[in-house]
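A short write-up of the structure that comes next.
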Amino acid sequence: MEITEITVFIPVFVLIGLATFFMRGIFLFFLPRFMDNSILKKGLNSVSNSLLIALVIPFTFFVEGVFSPWRVEVLALIAVIPIIWFSRKPGYSLIFGILILMGLNILIP
Amino acid sequence: MKLHQSSIKLGVRFISPIIPSIVLFGLVFGFTGGNADLPFLLISSTSFIIFAGTAQFFIILAIIQHDPIIPIIITAIVINLRHLLYGAALHDYVTTRGFKRFLVAYLLTDEVFIVASQIKKKINSNELKEDMIHFEDALIGAGIFAWSVWNICTIVGYYFSDLLVTLFTISSDFIVAGTFLGYLILQWKNFPSDRLFLLEMIVIGLVSSFWFQSSILLFVILVLGALIAMFEQYRENVRVMSLES
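Residue numbers (the working numbering), protein chains in the order written: chain A, 8 to 116; chain B, 259 to 503.
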């Protein structure tokens, strides 16, 4: 059973891995001439900011597609904002977020 | 292939704040496979062959549910479509040729792209001197560090899943939001010119979340963000042209 699963899925993983590599690399290697203009460049430069929003907003305010802002997790993340603002250390957000969340879970059973 | 140690270290330093999140997700990923009694090679091979966390989670969950292979392949590719934008955004900065560029392409995950954006911004604001940094080497340093941690944690999560149950009281959504919130706050604080765009994107992020979920939502937000930025640039170009004429 194990051998069957492995022999079936490893080639599938290689295929997906190659497709992922292709998607990451294609424009890194070749950027078509029509994409080399100020408007498109502006769009591409916005991707990093949009990615931050995409990784923070839905994961903070939604649980499985349902808007759920009244949770201790949201409160913990809001409490982290001043810590990051003054410390300027982005890595603190997860560490302090977990600590505050644990504290809130004790205070609010 | 010559790598510059100082740039490698810089990349490792920049990705360090994201590492706790990679550790937690690696453990959860290994746990998911171990808990479902999937073969070890099956779980670990996704980590070193594909190296794309969200897609890996989807693939393993689909295998556990005995989903057909073709939809698994198509969905995994759709999930990773956003990587097209990452390569295009970094095209002007990754100037080296040969194996280094292949390595950057292999290692270009969401986390490494965030690191690349941070380094780009530091270079553009003269906090880092461009001639002192080898951009590709910094990305390779960050990427190899993330890759190593991800693979080790996958293995640890697989074999020590019973010991890790306590970790999973914290939701994975909280770990993602907690990891990147710090970067978002500093982006807001350090780059006032980006604030209007960030505000627009917060509204779009909230509204889109009512219709879409998971990686499709991620892709939708990235595309809408790019379209808005392009529209603003178009308006700016028109304004400049009308002033000139």
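Yeah, the Cβ is synthetic: ideal placement off N, Cα and C, and Gly gets one too. Note that this is a predicted model, so its numbers are computed, not measured.
Residue span of the alpha helix (DSSP H) that contains residue i, given as start and end
i	result
B:V286	277-293
B:G415	393-417
A:G50	45-52
B:N384	Here B:N384 belongs to no alpha helix (DSSP H), and DSSP marks it neither H nor E.
B:K358	357-365
A:M42	It is not in any alpha helix (DSSP H) - A:M42 carries neither H nor E in the DSSP assignment.
B:K341	What sits at residue 341 of chain B in the sequence shown is His, not Lys. It spans 341-348 - the alpha helix (DSSP H) in which B:H341 sits, taken as one unbroken run.
A:I107	99-114
A:K96	Careful: A:K96 lies outside any alpha helix (DSSP H) and carries neither H nor E.
B:K267	263-273
Cross-strand partners of residue i (DSSP beta bridge)
i	result
A:V87	A:V87 pairs with nothing; no bridge assigned.
A:F69	A:F74
Beta-carbon gap between residue i and residue j smaller than 8 Å
i	j	result
B:A320	B:I330	yes
A:F66	B:A435	yes
B:I377	B:A346	no
B:H341	A:M30	yes
B:L464	A:V87	no
B:A487	B:F455	yes
B:I337	B:S473	yes
B:A400	B:F272	yes
B:S505	B:N409	In the structure displayed, chain B extends from 259 to 503; residue 505 of chain B sits before or after that span and is not available.
B:L343	B:L480	yes
A:G98	B:S274	yes
B:I318	A:V21	no
B:L285	B:V414	yes
A:L47	B:T437	no
Heavy atom of the ligand GTP within 7 Å of residue i beta-carbon
i	result
B:I308	No copy of the ligand GTP appears in this structure; indeed no ligand is present at all.
### Message
Under 8 Å, CB to CB, which of the residues in the stretch 52-77 of chain A have a partner in chain B?
### Response
N52, S53, V54, S55, N56, S57, L58, L59, I60, A61, L62, V63, I64, P65, F66, T67, F68, F69, V70, E71, G72, F74
### Task
Determine which residues of the stretch 309-331 of chain B have a Cβ less than 8 Å from any Cβ of chain A, and write them out in chain order.
F309, A310, A313, I317, I321, I327, I330, I331
### Query
If you measure beta-carbon to beta-carbon, which residues of the stretch 23-43 of chain A are closer than 8 Å to chain B?
I23, G24, A26, T27, F28, M30, R31, G32, I33, F34, L35, F36, L38, M42
### Secondary structure, alpha helix (DSSP H): runs of 4+ residues fully inside the stretch 442-486 of chain B
453-466
### Selection of the stretch 333-352 of chain B by Cβ proximity to chain A, strictly under 7 Å
A334, I335, N338, L339, H341, L342, L343, Y344, G345, A346, A347, L348, H349, V352
#### Entry: Length-filtered (4 minimum) alpha helix (DSSP H) runs lying within the stretch 294-339 of chain B
298-307, 311-322, 327-337
#### Entry: Short-range partners of chain A found in the stretch 434-447 of chain B, where Cβ spacing is below 7 Å
V434, A435, G436, T437, F438, L439, G440, Y441, L442, I443, L444, Q445, K447
### Query
Given a limit of 9 Å on CB to CB distance, which residues of the stretch 362-395 of chain B reach chain A?
V362, A363, Y364, L365, L366, T367, D368, F371, I372, A374, S375, Q376, K378, K379
### Task
Using a Cβ-Cβ cut-off of less than 8 Å, give me the residues of the stretch 483-497 of chain B that come near chain A, in sequence order.
G483, A484, L485, I486, A487, M488, E490, Q491, Y492, N495
### Residues within the stretch 101-116 of chain A neighbouring chain B, beta-carbon criterion of under 8 Å
L101, I102, G104, I105, L108
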